[in-house]
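Numbering (full-length UniProt numbering), first residue to last: 1 to 339.
For each residue, glycine too, the CB sits at the ideal point set by N, CA and C.
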């Protein structure tokens, strides 16, 4: 029996539930005594084996209901909201956590349209259904990519985000703006979370750390875009998930950074992976992509103040857990496409 008995009848809608961050958020919500309605379209933006691995773990957990749905399809979404309202004597979802997104800077340059469809139209659909069905709380996953390269570091939430460097960042900026509109017009309580370079077990294979671990483990060339001196505010997935759940509290309309506040130079990360795996990397350098920023660094003062949150996992601990997961799942993880 959960200690949070008052939460047992509450259902949270989590979109993108088979995704990296959302799967961990869903697991933690279920552990806290919530029920979770999970939505995912299981698209092939990256290797679906990872999504299925995460989803299979969730499906074995009591209190979880899965809907194979795309958030850009308004009528399918409305059917889920309607079914829930009918089954709960018209009680709405306790909250919607929108973690469904097309992510990735470089991929968005190649195909910007799908980013607008999912990140902008999908968010609008969910906001409209929150208004229609009386859902009071909305949490949006946004991105540190909004800060571009001109803002002083560490990045504060009130920095200028009007110069996005990629369609991905631009689509998230649009989603944030729509969230404010629905807060202003309809009183929807919205918390926007800007995530900083999330990593961890079963992470996204298009992110650097998953690729580096696979490439070093399998003796493949490790590709570095740029000189390797760029830095990232790597943040462990469990910390991000805990911050996301903390953001369910009523706050009005707030934008909050979730990051480690400890940037790591990329080449230092490579050297630590080499040490953890016990194998040297075969380095191959390529030109930096123009949409990549040279550094990210989160000011998390606001998260501490409003959410009582700060990261609990050091980079060394988190990377060790990530490498251990890869070793345990190497028989299939080594085949995951990372390009």
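Query	Result
Separation of residue 237 from residue 26, as counted between CA atoms	12 Å
Segment contact flag, the segment 113-125 with the segment 26-35, C-beta cutoff 8 Å, min 3 pairs	no
Local Cβ density within 10 Å of residue 314, reported as buried at 16 or more and exposed below that	exposed
At least three beta-carbon pairs within less than 8 Å, the segment 120-129 to the segment 167-178	yes
With 16 other Cβ atoms within 10 Å as the buried cut-off, status of residue 52	exposed
Start and end residues, beta strand (DSSP E) containing residue 283	282-286
Contact the segment 200-207 vs the segment 144-160: 3+ CB pairs below 8 Å	no
Where residue 270 falls: helix, strand or coil (DSSP)	helix
Residue 71, DSSP secondary structure in three states	coil
Reduced DSSP category for residue 196 - H, G, I as helix; E, B as strand; rest coil	coil
Nearest-angstrom Cα separation, counted from residue 118 out to residue 73	9 Å
Rounded distance between the beta-carbons of residue 322 and residue 200, thought under 8 Å	6 Å
Presumed contact (8 Å Cβ cut-off) between residue 244 and residue 96, rounded CB distance	The pair is not a contact, with the Cβ atoms about 12 Å apart (cut-off 8 Å).
Candidates 171, 123, 142, 186: closest to residue 134 by CA position	186
For residue 337 and residue 45, the rounded distance between their alpha carbons	11 Å
Contact belief for residue 302 with residue 256 at Cβ below 8 Å, rounded distance in angstroms	5 Å
Nonlocal neighbours in the same chain, by C-beta distance under 6 Å from residue 246, ignoring five residues either side	307, 309
The alpha helix (DSSP H) enclosing residue 169, as first and last residue numbers	167-186
Length of the line joining the Cα atoms of residue 85 and residue 182	21 Å
Exposed unless 16 or more other CB atoms sit within 10 angstroms - verdict on residue 22	buried
Pick from 109, 122, 94 that is closest to residue 101, judged by C-alpha positions	122
Rounded straight-line distance, which links the Cα of residue 280 to that of residue 220	10 Å
Cβ neighbours of residue 253 in the same chain (closer than 7 Å, five flanking residues each side left out)	180, 183, 190
Contact set for residue 341: own chain, Cβ-Cβ below 7 Å, skip 5 residues either direction	For the chain, the structure presents residues 1 to 339; residue 341 sits outside this window and is missing.
DSSP bridge partner residues for residue 261 (one or two, in chain order)	Paired residues: none, contrary to the question.
Beta-bridge pairing of residue 235 - partner residues as DSSP gives them	198
Rounded C-alpha distance that separates residue 137 from residue 225	40 Å
8 Å Cβ shell around residue 209 - same chain, five flanking residues per side excluded	199, 203, 234, 269, 273, 319, 322
Straight-line gap, residue 65 to residue 36 (C-alpha atoms, nearest Å)	6 Å
Residue 146 versus residue 172 - alpha carbon distance	8 Å
Distance CB(residue 277)-CB(residue 216) smaller than 7 Å	yes
For residue 197 and residue 345, believed in contact at Cβ under 8 Å, the rounded distance	The shown model of the chain, from 1 to 339, leaves out residue 345, and the question about it has no answer.
The alpha helix (DSSP H) enclosing residue 112, as first and last residue numbers	112-115
Close-in-space but distant-in-sequence residues of the same chain around residue 48 (CB under 7 Å, 5 per side omitted)	42
CB contact flag (residue 55, residue 18, <7 Å)	yes
Residue range of the alpha helix (DSSP H) that includes residue 48	48-59
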